[in-house]
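Encoded as structure tokens, the structure appears first; notes follow it.
There are 2 protein chains.
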Amino acid sequence: MKTKITSPACAEKLKVLSDPTRLGVLESLMSGPKNVGELMGELDVEQSLLSHHLATLRDAGLVESFRDGKTMIYQLPESVADSTAGKAINLGCCKISFD
Amino acid sequence: MKTKITSPACAEKLKVLSDPTRLGVLESLMSGPKNVGELMGELDVEQSLLSHHLATLRDAGLVESFRDGKTMIYQLPESVADSTAGKAINLGCCKISFD
DNA sequence: TATTCATATGAATGGAATTTAATATGGACC
DNA sequence: GGTCCATATTAAATTCCATTCATATGAATA
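So the sequences go chain by chain: A and B. Sequential numbering of the first sequence, starting at 56, is according to our numbering. Sequential numbering of the second sequence, starting at 56, is according to our numbering.
Quick look at the structure:
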């Protein structure tokens, strides 16, 4: 009986983080909710491309969004925003903390 | 002056982790050094494929290897094996901890 | 309701990463 | 030296992803 040590699910979540734009979004959102325009400015990335990446993050459950007037606000779900001692992201399977 | 929040270098390191086989190798090595045959058995992956993934991990500095008789032993470098309170992997830019 | 603003979606492309198969290397042992 | 064993390397095939471009949606406001 061969035991798979690691859940492929965890690798999949990590893959979502393994892109500079998506990682940038998450890092930015660690300091609070932002709308898409603000993220675009901060990360210096095109509208459509950012939107695709936001969709990937949303599909993975790493961000959530709601409308505010004519803009869309993105934020980290409570379960993901693990702020015990410094900035960290909780993926469920593992936790990533930044210095 | 547009500030890139996240270092692309960190995303790149995370990409190395974002594969089930490579993540499995790291998790396995967290409990101690292993030779390639042992890893093959544990992870149920073909020799050549595992070798490729080990090379990727080595190139990223996430594992190191040395010969022991006729086998090759792989282990986590000291800088990576961050064992403060549970199992964790230190990427430099961030730290990944498993429950 | 027509227009504009902010964001999302879909299809097409190019390039990179994964996988496989075949072969090479290099130490151990006879 | 020759053979076996464990692992690495190369090249080719394939699959996956990021990016771009063009267009759609949908709320706000005139």
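Glycine included, every Cβ here is placed at the ideal spot set by N, Cα and C. Source: prediction; values computed, not measured.
For the pair residue 83 of chain A and residue 97 of chain A, the CB atoms are nearer than the 8 Å cut-off. When only Cα atoms are considered, residue 81 of chain B and residue 118 of chain B end up about 8 Å apart. The residue among B:88, B:65 and B:153 with its C-alpha nearest the C-alpha of residue 128 of chain B is B:88.
Residue 123 of chain A: member of the beta strand (DSSP E) spanning 119 to 123, first to last residue. Assignment of residue 127 of chain A by DSSP, reduced to helix, strand and coil, places it in the strand class.
If you check the CB distance, residue 69 of chain B and residue 72 of chain A come in under 8 Å. Of all residues in the stretch 62 to 76 of chain A, only 63, 65, 66, 69, 70, 72, 73, 74 and 75 place a beta-carbon less than 7 Å from a beta-carbon of chain B. The Cβ atoms of residue 154 of chain A and residue 145 of chain A do not sit closer than 8 Å to each other. Partner residues in the beta bridge of residue 143 of chain A, as assigned by DSSP, are A:152. The C-beta of residue 89 of chain B comes no closer than 8 Å to any C-beta of chain A. Around the C-beta of residue 66 of chain B, 16 or more other C-beta atoms lie within 10 Å, and the residue is accordingly described as buried.
Contact of residue 78 of chain A with chain B by beta-carbon distance below 8 Å involves 61, 65, 66 and 69. Interface criterion met: the Cβ of residue 151 of chain B is under 8 Å from a Cβ in chain A.
Take the alpha-carbon of residue 62 of chain A and the one of residue 106 of chain A: they are about 28 Å apart. Judged by DSSP in its simplified three-state form, residue 136 of chain A adopts strand.
Sequence-distant partners of residue 92 of chain B (beyond 5 residues in either direction) whose C-beta falls short of 8 Å from its own C-beta, in its chain, are 126.
For residue 75 of chain A, the number of other beta carbons within 10 angstroms of its own is at least 16, and it is reported as buried. By the CB criterion at 8 Å, residue 142 of chain A and residue 134 of chain A fall outside the cutoff.
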